[in-house]
Structures are given as C-alpha cells and as structure tokens.
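J.: One structure follows; several queries about it will come next.
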Amino acid sequence: MKKAFALTTITLALVACNTAAPVPDQIAPSANITLNPTTVTTPGPITLTSNPTDNIGVTRVEFYKNDILIGADTSAPYSTTDTITAGTPNGTIRYNTRAYDAAGNVGTSDNAVLTVNFPSDPLPGRDITPPTVELFAPAPTITNAGTYALTAQATDNVGVTSVAFYRGATLISTDTTSPYTATFTTTSAQNGTLSFTAVAKDAAGNTTTSSAVNVTVDITPDTTPPVVTIAAPASITTAGEYKVSATATDANGIDRVEFYENGQLVTTDTTAPYESTRAATSGTVATRVYRAVAFDTEGNQAQATANTNIDVPSSFNQEQTRRLIGTWVFTYNIGSTTFQQTYRLDDVRENSFDDTVYDIYGRDQLGNVIVAGYVPSLSKFTLLDEDSTFDRFFIFDFAAASNTSVSGCYYQNANGTQSDCYAMTGTKTSSDTTAALTPHFTSTERDVARHEVTTGEERAARDAHRGMRAALATHP
C-alpha cells in the first residue's frame, strides 16, 4: 500500500508540470498613409486615409502633421481631413500615421509629403480663401412629377454673396440670401439620373463647387389632361378693363395656363388664380372669342372657350361732338322759272345726351310760325349718340299769299332753347303771291375736322337699314 501511494503522487506532479503559459502578442501593425491631393495651389481641404494591417486586428489609427496629432479614427476605413488655409507658406508638409492593435503594439507609417504651391498674391492681404458649400437633394429617388427643392449650406471667412444651383451644366437659379434654395421640376421626360451642383461665391470672387448630388427620376408617364374652365363677361358696354379667368386642376400639378383672344396668345399665367386682363375702348363693337389652354407638368393640355360681346359707344365730349349743318332751300314755280332762297342752320353742338330733340320752325314776315312740314314724322331731328337715327329731310309749305317774303327760321329743343338759322338770302316779290313756296331742308353731318360724312337724304336711307354706327363706320 505504501508503494502505490507514491506512484500516484509522482504522476500528478508530472501532469502539472506540462501546463504552459500563453505567449503575448508582440507583432506591431503595418501602418501606411495616402494623401489626396498631394499638391495644393489654392486653400482648401485635403483627405488623409490609412489601410493598416495586423495579425490580430487594428483598434485605432492616429494621424500626424509634422509630428503633431491632428486626428484619430477607430474604425475602417480610417481617415481624417486637414484644411490648408490661406497664408500657409509654400513648401512641403509631412504627414504620417500610427496604427495600434489590442495588445498596444504600435506601427508607424512612412511620411507622406504634401506640396503647397500657392501663386504669389499681387495684392497682399486680399481675401483668397474660397467658401465651403454642401448641397442637399430632396430625395435620392423621385417617382412623382412635380416641383422639388434643393438646399445648400455655405460658409466663408468673410461672407458668402451668392450660391448658384446647376443641373448638369445648366443654371437653375441663383440665391443671394441664406438659407440658399432652388427649385426644379421633373416629369417622366427626365427619367434617369439628374446631377446637381452648387457654386458658392464670396465678395472677393472666390468660388467653390460642391460635390455632385445625383437624383434618380423614375416617373410613370402621365397621359391624363388637366380639367379647365373659363369665365369671361358675356357683354361689355362701357369702356375700361375687364378680366378673363380660368380654373385648372390636375393630379400632378398645373404648369401654366395660356389665354388666347381671337386666336392670338395674349397672356401666360403660371400661378393660380389664372387671369388675363383685357380692355374695351370707346367705339369698340366686336365679339371676342377667348380660349384658355391649361398645361400640366407632363405637357398634357386641355382647353375651354367663352365669348364676350363688346358694344361700347364712342366717347362724346365738346372736342369730339358732331356738328349738324342745315341748308334750307326755298323753291317755287312761275311758269318755267324757278326761284330759290337758302337758309343754313347754326352748328348744333352737344356734349351730353339729356336734351337733344329739336323742332324746326319757319316764321313769315307777319310773325306767323309754321312747324316744319305737313309730314309730322320728319318735323324734327335728334342729336344723340351714334346708335341713333337722324331724320334728314324736312318740308315747309308756306302760304305765299299771306306775305311777300319768308323772314326766317329757327329751331328749339324741348326746354325751349332756341337757335336762329342764318339770314335768308333773296326775297319773294308780290308778283309771286299766286305761287306756293315750298322750302326743303337737308342736312350734312361733319366730324370735328369738318370732313363730310354723308348728306341727309343718303344718311336717312342708311340709318333706316343699318343704324347710325354702321354709317359712321364707312367714313374713312
């Protein structure tokens, strides 16, 4: 029993002696560094990157500039940035990295050299530091047609004066106040990739272009036209402005509404309420056909029409009034002899239409007054606007036996205001008393320039069929 116990003790001791301690990690990471760019000619940022390796794993990378720590990164890809400012002396700058593993081993990279080669400044002290700018898109993918906004953040050591937004090489718009924004419109026609950039500018003229931001456009084409209605006055009877309006709706939005008058484009409106301001002037007589054409953002269109009847009388004032010139013709027959005497009415001028009906009267030497005519319908004339009809022909029958001559004539309106004719020329002798004296009145209308429009007899016939305005329209 004693020998067996000793053997067991020896065996346990041998097993305990075979347990070895772990070997510590003494292998340092392999460090490296890359600069982008390696040469700078203007102030701005540079990017430092590192791709170290280790038998177990890298836990941290430190970045140094001329042996001074400027940044650290604990996860791959390992990187940092450094900004080369205005005023940095021309020459070289050394950068390197130190890579650490979990055991604390450190690997140091070789130096990477940045060359600074700023051009000499002809105006020392001038601002040569460009702004910084970053562009943001509304979404990486657009699936609906419409209008979208771009925004930019821009800063400068002195101040940003403007940010210009571009789609490819095409300028969209320029904004001069923060927040800097621009809008763009997409349709299915732009399906694909759109690339946007922003260019920031400072007061010294320094500029910086942002990194490009890409937007994918994937819009199902819209073939449904808008819905549009139009509203226009049915009639216009007074001079002045009036509006033609349209209401337009579309699922994807209205791009614009075009207004046409008698086939001619007169207004394009891009914002609701959609309107076109038109005008009617004195003397306008017409039917205007209006058409509103609505376009959606996909280019689909629809239209609506409406008519406006324009009937605006000519303006009537002292300078533009018409003048009636009357001629009185007195004739009688003795055998084959014809005797003629003549009157002419004073100019009849009116600048209002309140009191314009005149009766014609004849007066013999004994003071007897004879109302014009034994044709009552032609015994007066009316001075009204151009829509009215003038009676142009009057007949007087004087009883020749009652006097030896006709002394004159006059005309008056309903208020009793009288105007005399010009003096009659010629006299009727007593030897003519057996003859009937029949004066005839005709009138001629002239414009303010004294151009004759037409004689009374011709005008009366025209007025009976067309109305006065139609006759005036024939005057060149």
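Under mature numbering (1 follows the signal peptide of the UniProt record, and there is no 0), the letters of the sequence shown match residues -21 to -1, 1 to 455, in that order. Every residue, glycine too, gets a C-beta built ideally from N, C-alpha and C.
According to DSSP, simplified to helix, strand and coil, what is A211?
T.: Locating residue 211 in the sequence shown gives position 232, counting from the first residue. Coil.
J.: With DSSP as the reference, identify every bridge partner of A257, one or two as the case may be.
T.: Here the question's residue 257 lines up with position 278 in the sequence shown. Sequence inspection shows Arg at residue 257; the Ala mentioned does not correspond to that position. Y221.
J.: Quick test of your reading: A82 and P3, contact by CB under 8 Å. State the CB separation rounded to the nearest angstrom.
T.: Translated into positions along the sequence shown, residue 82 becomes position 103. Translated into positions along the sequence shown, residue 3 becomes position 24. At roughly 7 Å, the Cβ-Cβ gap stays under 8 Å, so A82 and P3 are in contact.
J.: Taking its Cβ as the centre, do 16 or more other Cβ atoms sit within 10 Å of A10, making it buried, or is it exposed?
T.: Numbered from its first residue, the sequence shown carries residue 10 at position 31. That one is buried.
J.: With E240 as the anchor, note down where its beta strand (DSSP E) starts and where it stops.
T.: Taking the sequence shown and counting its residues from 1, the one referred to as residue 240 is at position 261. 233 to 240 is the span of the beta strand (DSSP E), which, as asked, contains E240.
J.: Start and end of the beta strand (DSSP E) containing S29?
T.: Numbered from 1 along the sequence shown, position 50 holds the residue referred to as residue 29. 23 to 29 is the span of the beta strand (DSSP E), which, as asked, contains S29.
J.: Over what stretch of residues does the beta strand (DSSP E) that includes Q132 continue unbroken?
T.: To locate residue 132, count along the sequence shown from 1; it is residue 153. Taken as a continuous stretch (DSSP letters only), the beta strand (DSSP E) holding Q132 covers 125 to 134.
J.: Please state whether the Cβ-Cβ distance between T28 and S58 is less than 8 Å.
T.: Stepping through the sequence shown from its first residue, residue 28 is reached at position 49. Stepping through the sequence shown from its first residue, residue 58 is reached at position 79. Against a cut-off of 8 Å, the Cβ pair of S58 and T28 comes out as a contact.
J.: Whose C-beta lies closer than 8 Å to the C-beta of T247 among residues of the same chain, with five residues either side of it excluded?
T.: Here residue 247 refers to the residue found at position 268 of the sequence shown. Cβ neighbours of T247 beyond the five flanking positions: R235, V236, E237, F238.
J.: Just to confirm the assignment, what range does the beta strand (DSSP E) spanning E286 have?
T.: In the sequence shown, residue 286 corresponds to position 307, counting from 1. First, the residue type needs correcting, since residue 286 is Asn and not Glu in the sequence shown. Counting along the chain, the beta strand (DSSP E) containing N286 begins and ends at 280 to 290.
J.: Would D61 and N185 qualify as a contact pair, given that the criterion is a beta-carbon distance under 8 Å?
T.: Counting from 1 along the sequence shown, the entry for residue 61 is found at position 82. Counting from 1 along the sequence shown, the entry for residue 185 is found at position 206. In this structure, N185 does not lie closer than 8 Å to D61 by Cβ.
J.: Taking DSSP as the reference, what is the three-state secondary structure of A7?
T.: Working through the sequence shown from its first residue, we reach residue 7 at position 28. DSSP places A7 in coil when its eight states are reduced to three.
J.: Helix or strand or just coil, what does DSSP make of A91?
T.: Taking the first residue of the sequence shown as 1, we reach residue 91 at position 112. Per DSSP, reduced to three states, the secondary structure at A91 is strand.
J.: So the candidates are R257, N30, Y74; which of them puts its Cα closest to the Cα of T287?
T.: Start at 1 with the first residue of the sequence shown, and residue 287 comes out as number 308. Closest option to T287, Cα to Cα, is R257.
J.: Looking at C-alpha atoms only, which residue of N75, N69, R73, V85 is the closest neighbour of T32?
T.: Here the question's residue 32 lines up with position 53 in the sequence shown. Nearest option by C-alpha distance: V85.
J.: Pull the bridge partners of N193 from the DSSP assignment, please.
T.: In the sequence shown, counting from the first residue as 1, residue 193 sits at position 214. DSSP lists S174 as partners of N193.
J.: Can you tell me whether DSSP reads I374 as helix, strand or coil?
T.: Counted from its first residue, the sequence shown places residue 374 at position 395. Confidence at I374 is low in this model, with a pLDDT of 34, below 50, so the placement of that residue should be treated as unreliable; the coordinate-derived value is given next. In this structure, I374 counts as strand in the three-state DSSP scheme.
J.: With three or more C-beta pairs closer than 8 Å as the rule, is the region 119 to 130 touching the region 189 to 207?
T.: yes
J.: Would you check whether the ligand FAD has a heavy atom nearer than 7 Å to the C-beta of T276?
T.: As for the ligand FAD, it is missing from this structure, which has no ligand bound.
J.: When you compare each of G232, D52, I35, N34 to residue 478 by their alpha carbons, which one comes out closest?
T.: Residue 478 lies beyond the stretch modelled for the chain, which goes from -21 to 455, so this question has no answer here.
J.: If T263 and V291 are in contact, beta carbons under 8 Å, what's the gap, nearest whole angstrom?
T.: As a working mapping, residue 263 is identified with position 284 in the sequence shown. As a working mapping, residue 291 is identified with position 312 in the sequence shown. Yes, they are in contact, since the Cβ atoms of T263 and V291 sit about 5 Å apart, within 8 Å.
J.: Can you tell which of T172, T208, R267, T260 has its C-alpha closest to the C-alpha of N241?
T.: Position 262 of the sequence shown holds residue 241. Of T172, T208, R267, T260, the residue nearest in Cα terms is R267.
J.: For D46, does the count of other Cβ atoms within 10 angstroms reach 16, so buried, or fall short, so exposed?
T.: Position 67 of the sequence shown, counted from the start, is the residue given in the question as residue 46. Per the 10 Å Cβ criterion, exposed.
J.: Mind checking T20: buried by the 16 CB within 10 Å criterion, or exposed?
T.: For this step, residue 20 is matched to residue 41 along the sequence shown. T20 should be labelled exposed.
J.: Ordered along the chain, which non-local residues of its own chain (more than five positions away) have a Cβ less than 8 Å from that of S99?
T.: Within the sequence shown, the letter at position 120 stands for residue 99. So the list is empty, once near-sequence residues are dropped.
J.: Label K222 either buried or exposed according to how many other C-beta atoms from any shown protein chain fall within 10 Å of its C-beta, with 16 as the threshold for buried.
T.: As a working mapping, residue 222 is identified with position 243 in the sequence shown. Exposed, by the Cβ-count rule.
J.: Mapping DSSP to helix, strand and coil, what is S157?
T.: Here residue 157 corresponds to residue number 178 of the sequence shown, with the count starting at 1. Correct three-state label for S157: coil.
J.: Do you know offhand how far I374's Cα is from S214's?
T.: The residue labelled residue 374 in the question sits at position 395 within the sequence shown. The residue labelled residue 214 in the question sits at position 235 within the sequence shown. Low local confidence applies: a pLDDT of 34 at I374 is under 50, so the model's placement there is unreliable, with the coordinate-based value given in what follows. I374 and S214: Cα-Cα distance of roughly 42 Å.
J.: In chain order, what residues of the same chain lie with their CB nearer than 8 Å to the CB of N170, ignoring the 5 residues before and after it?
T.: Numbered from its first residue, the sequence shown carries residue 170 at position 191. So the list reads V196, D197, I198, once near-sequence residues are dropped.
J.: Please go through the same chain and pick out, in chain order, the residues whose beta-carbon is closer than 7 Å to the beta-carbon of P158, but skip the five residues on each side of it.
T.: One-based indexing of the sequence shown puts residue 158 at position 179. Result list for P158: T130, in chain order.
J.: Does DSSP put A179 in a helix, in a strand, or in coil?
T.: As a first step, residue 179 is located in the sequence shown; it is residue number 200 there, counting from the start. Here A179 sits in strand by DSSP.
J.: I need the straight-line Cα distance from T162 to G232, nearest angstrom please.
T.: Position 183 of the sequence shown, counted from the first residue, corresponds to residue 162. Position 253 of the sequence shown, counted from the first residue, corresponds to residue 232. Whole-angstrom Cα-Cα distance: 15 Å.
J.: To which residues of the same chain is T208 closer than 6 Å at the C-beta, ignoring the five residues directly before and after it?
T.: Start at 1 with the first residue of the sequence shown, and residue 208 comes out as number 229. Excluding sequence neighbours, T208 sits near T226, A283.
J.: Whole angstroms are fine: how far does the CA of T276 sit from the CA of D201?
T.: As a position in the sequence shown, residue 201 is number 222, starting the count at 1. As a position in the sequence shown, residue 276 is number 297, starting the count at 1. Cα to Cα, D201 sits roughly 9 Å from T276.
J.: Have a look at Y79 and L14 and give me their C-alpha separation to the nearest angstrom.
T.: Sequence index remark: in the sequence shown, residue 79 carries index 100 (1-based). Sequence index remark: in the sequence shown, residue 14 carries index 35 (1-based). If you take the alpha carbons of Y79 and L14, they lie about 20 Å apart.
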